[in-house]
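In our numbering, each residue's number is its place in the sequence shown (first place is 1) plus 2.
Presented below is the structure to which this report refers.
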Amino acid sequence: MTSSMAEISPRQLVVWRMLQRAQAQITRGLETDLLSGHDLAPAAYDVLQTLAGSPDRRLRMNDLADRVLLSRSGLTRLIDRLQREGLVERAACPSDARGLFAVLTDSGENRLSEATPTYLRAIQREFLDVLGEEELRQCAAMLAKLFATGAR
């Protein structure tokens, strides 16, 4: 066992695993609802939502990958699928011949609008209804702390 592993207590590992499982459980519920109701995986919903909130409903592929927490190759595969479905299209970047934009289409915006109530209900059921106001405040404070240290 390495010295860094020896510094993590069994209790700390349990908390880490609980965090992973909670995230997976919440995502599974969200995924079930989005797929069955709208044929959208959570990652696809996230891409559509991110593009909808961007200027001119477009983002460079690299920026989009960073915002939706996907690898470049993972985003490329997802955009390929969304493009085949007519939900996004690619557009050349005038300032960079190698750069591409992902652009939300009207069909993509319509699918997003249809899926958003389902998405919000799943978040409510899987997360918000489980925690009280004080617990949500504490959760927000803990997550903000984790995000602040993530810049290292």
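Even for Gly, the Cβ is constructed at its ideal location relative to N, Cα and C.
Using DSSP bridges, identify the partner residues of residue i.
i           : result
residue 105 : 60 and 91
residue 98  : 95
How about residue i and residue j: are their beta carbons less than 8 Å apart?
i           : j           : result
residue 94  : residue 60  : no
residue 84  : residue 66  : no
residue 110 : residue 89  : yes
residue 129 : residue 10  : no
residue 48  : residue 70  : yes
residue 63  : residue 102 : yes
residue 53  : residue 104 : yes
residue 141 : residue 133 : yes
If residue i sits next to residue j, beta carbons under 8 Å apart, how far is it from one beta carbon to the other, in whole angstroms?
i          : j           : result
residue 36 : residue 43  : 7 Å
residue 46 : residue 80  : 6 Å
residue 32 : residue 121 : 7 Å
Can you tell which of the options has its C-alpha closest to the C-alpha of residue i?
i          : options             : result
residue 39 : 143, 119, 24 and 68 : 119
residue 41 : 73, 87, 131 and 151 : 87
Compute the Euclidean distance between the alpha carbons of residue i and residue j, then round it to the nearest angstrom.
i          : j          : result
residue 18 : residue 25 : 11 Å
residue 96 : residue 74 : 20 Å
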